[in-house]
Structures are given as structure tokens and as C-alpha cells.
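Numbering (full-length UniProt numbering), first residue to last: 1 to 411.
By construction, the Cβ of each residue, glycine as well, lies at the ideal position given by its N, Cα and C atoms.
All figures in this text were calculated on a predicted structure; none of them were measured in a lab.
See below for the structure under consideration.
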């Protein structure tokens with residue numbers, strides 16, 4: 001692998017980094033071109049492609065190697081195709097052709113547009129201000145005025161104690177510098193031209209022809225004016241017709257390239273294969289990192305605070321006493337209301353639906369009275385006691401504005 005990668009680097013040094021297309025059987029596995037695993041050769045090849053500035057075209061959906069040997073099917077994604085960045089926007093319809101093969105490897109086809117005018121040379125820069133025309137005297141003056149206004153001095157910076165204070169000071173200082181730059185340095189003007197994907201050299205020729213014939217109308221003699229206007233209208237109609245056809249063909253080609261995977265689908269697929277899920281990070285309180293138990297305790301106290309009696313008002317204390325008395329009074333079996341026959345039947349139906357079938361489907365059905373008697377006898381044969389039901393009263397405190405969504409806590 002090292003000799004092949006060194007040869008690729010030599011070729012790029014001799015021919016340049018533009019208009020480069022490479023492809024072949026790499027015999028390397030990497031998740032970036034669809035392999036379920038990544039080996040050493042795959043890591044080396046992926047790093048070499050990044051160093052050479054080549055863009056990978058593989059989608060990782062259809063295996064490029066597919067063969068049956070000894071009754072067992074073997075498949076892999078070892079055939080790759082990569083192009084330089086200037087050709088990446090000109091490649092369309094890259095796909096693995098299972099119907100085009102003369103060996104164990106499937107064919108790969110793609111379309112390279114050569115007549116497309118690519119004007120999407122957007123400069124990737126972070127420059128905001130035109131520093132060659134900066135007024136540095138005014139910049140120093142404005143910067144000093146703003147620093148004094150915001151009381152940001154050296155003594156203030158030396159007295160910073162925590163990381164959060166330092167972060168806030170840095171953000172504040174960045175805003176001060178940006179404000180001083182806006183007052184003393186002109187901004188950079190953006191002149192990036194974005195070309196549409198359906199534009200071509202033929203349309204550019206027709207557009208120039210329409211502009212030429214339109215200019216002839218102003219210079220035409222009255223005798224020839226009608227003829228010149230007719231030629232202009234014909235050229236304009238021909239140009240508009242070709243534009244519509246180009247837009248339609250571009251849209252049809254775009255729809256044919258859609259294979260059920262969204263724009264971010266490929267990126268998410270690679271991330272799921274290559275990355276691992278990070279563990280839950282511990283919480284930090286007052287610049288002190290808590291352990292797992294402390295983090296869980298802090299979350300429990302934050303989302304489920306204790307019902308403290310210290311903040312109770314007089315009315316709330318009375319309600320709390322009444323609720324406790326109500327719980328004591330209703331704890332005996334004498335005060336509980338008896339179950340009605342309808343409630344017992346509904347409980348039997350729900351219980352019968354949850355139990356696992358112990359009899360065949362052809363077993364005769366029992367009478368409703370027998371089923372009811374059997375259900376009533378089940379608690380006495382159960383080794384676990386039935387949970388007791390208790391009443392509870394929810395009261396609203398004066399200091400709490402909202403309770404959000406309430407959930408039932410089961411005993």
C-alpha cells in the first residue's frame with residue numbers, strides 16, 4: 001500500500017492537483033466507503049486521500065465485489081473512485097452497476113460534465129475587515145474609549161478567580177474589539193458569484209446573442225427596424241426555450257439521483273459506523289466536578305424536591321393534618337366501600353386478558369359465576385399480599401407558581 005500511495009503523490013506533484021480522477025480495487029476496508037469494518041490499509045488510504053485533497057464518490061450502498069464461492073456469498077466495498085475538488089461538482093450519477101461486470105467485481109459508472117461553467121469559487125475565508133485601508137490611529141482611540149467605558153482594566157483582569165469569569169471577560173473583550181473595528185476599518189466586500197447547476201456554455205452564447213441583437217435595435221435605421229426587432233424576438237424566444245429545457249433536464253437528473261437517502265443520510269451513516277456513543281458526563285457545581293452518585297443525587301433533588309414543612313403556610317399545615325387524619329381513617333377495612341358486581345366483572349376480564357393461556361383453545365368456557373368465584377379465590381392462594389390503596393391530597397403552595405405535569409407514584 002505504501003508504494004501505491006507514494007506513486008499517487010508523485011503523480012500529483014508532476015501533473016498538479018486539478019482535474020484528477022482515480023479509481024480501482026484498493027483492497028482496503030473503511031467505513032467511509034461503506035465497509036462495515038475499518039482495517040489498517042483503509043486508514044492509510046483514507047489519510048492519503050485527505051492529504052491529496054481528493055473527494056470520495058462512493059456511497060457505500062451496493063457492494064463493489066460480489067461473488068459466490070463454495071456455496072457462500074462474499075461481498076465487500078473495496079473498489080473506490082475519487083476526484084479532485086474542482087471536479088467534484090461536475091460528477092453526476094455515480095453508481096455501482098451489477099448488470100455491467102466481467103469478473104467478481106461490479107462495474108462503476110458516472111457522468112462527468114465537461115461543458116458546465118463552474119463559477120462557484122466561493123472563498124473560504126474568515127476575514128471581515130479590509131485591514132489595508134484601516135485607520136489605526138482612530139482604532140486605538142476608539143478602543144481606549146470603549147475599554148474605559150466598559151471598565152475593563154488590567155487590575156480587573158488580574159482579580160479574576162474562576163473560569164466562568166475569565167470566559168465572560170474574553171467574550172466582552174471580543175465584542176469591544178469588534179465595535180472598535182466597525183468604527184475604524186471598512187468591511188470586506190463579498191463578490192462571490194454562485195452559478196446555477198443547469199447553466200452551460202451554449203446558454204451563455206445564446207445570452208450574448210440576445211444582448212447583441214437587442215443593442216442593434218437602437219442603431220437600426222427606420223427601414224430595417226422591423227426586421228431587426230423580429231430577429232431579436234426570435235433569438236430571445238430561442239434562448240428562453242433552451243433555458244426551460246436545461247432546467248427541466250437538470251431537475252429530472254436530480255430526481256433520478258435520489259435513492260431514498262437524504263442530504264445528511266450518508267454523513268449520519270458514516271458517523272454511526274465510526275463513532276462511539278460518549279458516556280454521560282458528571283455534573284459540575286461551583287467549579288467542582290461531582291461523581292456519579294453526586295450527579296444522580298443533584299438531579300433527583302432538582303427535579304423531585306422534597307416536600308419540606310418549613311415553607312408551609314398556616315392553611316397548608318391545616319390541610320396536611322387533615323390529609324394525615326384522612327389516611328388514618330381510611331386505612332381500616334370497615335370504612336372501605338364494597339365492590340359492586342360490575343366492578344368485579346371488569347376486574348376479572350382485565351385479569352383474564354393478562355394471564356398466559358394454560359388451556360388449549362378448544363377448552364369449554366366456564367360460566368360467568370364460576371369465573372367470578374375463581375377470581376375472588378385467587379388472592380387467598382397468592383403468596384404475595386395485595387398492595388394497599390391510600391388516598392392523597394395535592395395542595396398548591398403559595399411560593400410555587402406551577403407544578404408542570406404530575407405523574408402518579410405507584411407503591
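Sequence-distant residues of the same chain with beta carbon closer than 7 Å to residue i, five excluded per side
| i | result |
| --- | --- |
| residue 18 | 84, 86 |
| residue 163 | 287 |
| residue 229 | 217 |
| residue 188 | 127, 128, 129, 130 |
| residue 14 | none |
| residue 184 | 134, 135, 138, 139, 142 |
Span of the beta strand (DSSP E), counted from its first residue to its last, around residue i
| i | result |
| --- | --- |
| residue 81 | 79-84 |
| residue 68 | 65-69 |
| residue 73 | 72-76 |
| residue 111 | 107-112 |
| residue 24 | 21-25 |
Other residues of its chain near residue i: CB distance less than 6 Å, five sequence neighbours each side excluded
| i | result |
| --- | --- |
| residue 388 | With a pLDDT of 42 at residue 388, under the threshold of 50, the modelled position of that residue is not reliable, and no figure is offered here. |
| residue 99 | none |
| residue 39 | 29 |
| residue 250 | 197, 198 |
| residue 111 | 92, 93 |
| residue 214 | 232 |
| residue 136 | none |
Backbone CA spacing between residue i and residue j [nearest angstrom]
| i | j | result |
| --- | --- | --- |
| residue 304 | residue 318 | 23 Å |
| residue 179 | residue 142 | 9 Å |
| residue 293 | residue 286 | 17 Å |
| residue 11 | residue 171 | 47 Å |
| residue 33 | residue 91 | 17 Å |
| residue 62 | residue 20 | 24 Å |
| residue 145 | residue 288 | 38 Å |
| residue 16 | residue 55 | 15 Å |
| residue 116 | residue 94 | Bear in mind that a pLDDT of 48 at residue 116, under 50, signals an unreliable position, so the number given afterwards is only what the model happens to contain. Answer to the nearest angstrom: the Cα atoms are 17 Å apart. |
| residue 168 | residue 290 | 23 Å |
| residue 314 | residue 325 | 17 Å |
| residue 253 | residue 106 | 23 Å |
| residue 36 | residue 60 | 10 Å |
| residue 322 | residue 157 | 59 Å |
| residue 344 | residue 297 | 43 Å |
| residue 159 | residue 268 | 46 Å |
| residue 66 | residue 347 | 59 Å |
| residue 247 | residue 255 | 12 Å |
| residue 341 | residue 284 | 57 Å |
| residue 412 | residue 175 | Residue 412 falls outside the range modelled here, since the chain spans only 1 to 411, and no answer is possible. |
| residue 311 | residue 282 | 31 Å |
| residue 242 | residue 236 | 10 Å |
| residue 46 | residue 113 | 26 Å |
| residue 72 | residue 57 | 29 Å |
Start and end residues, alpha helix (DSSP H) containing residue i
| i | result |
| --- | --- |
| residue 95 | Careful: residue 95 lies outside any alpha helix (DSSP H), inside the beta strand (DSSP E) at 91-97. |
| residue 147 | 136-150 |
| residue 181 | 163-184 |
| residue 52 | 40-52 |
| residue 303 | 292-303 |
| residue 12 | 2-15 |
| residue 202 | 201-219 |
| residue 158 | 154-158 |
Buried or exposed by the 16-neighbour rule on C-beta atoms within 10 Å, applied to residue i
| i | result |
| --- | --- |
| residue 165 | exposed |
| residue 79 | buried |
| residue 103 | exposed |
| residue 74 | exposed |
| residue 42 | buried |
| residue 76 | buried |
| residue 108 | buried |
| residue 212 | exposed |
| residue 425 | The structure shown does not extend to residue 425, since the chain spans only 1 to 411, so no value can be given for it. |
| residue 153 | exposed |
| residue 68 | exposed |
| residue 96 | buried |
| residue 221 | exposed |
| residue 302 | exposed |
| residue 300 | exposed |
| residue 308 | exposed |
| residue 161 | exposed |
| residue 31 | buried |
| residue 82 | buried |
Close beta carbons around residue i, own chain, < 8 Å, minus the five adjacent residues each side
| i | result |
| --- | --- |
| residue 239 | 203, 206, 207, 209, 210 |
| residue 2 | 44 |
| residue 8 | 22, 48, 52 |
| residue 177 | 143 |
Residue i at chain B interface by Cβ criterion, 8 Å
| i | result |
| --- | --- |
| residue 295 | Protein chain content of the structure displayed is limited to a single chain, and chain B is not contained in it. |
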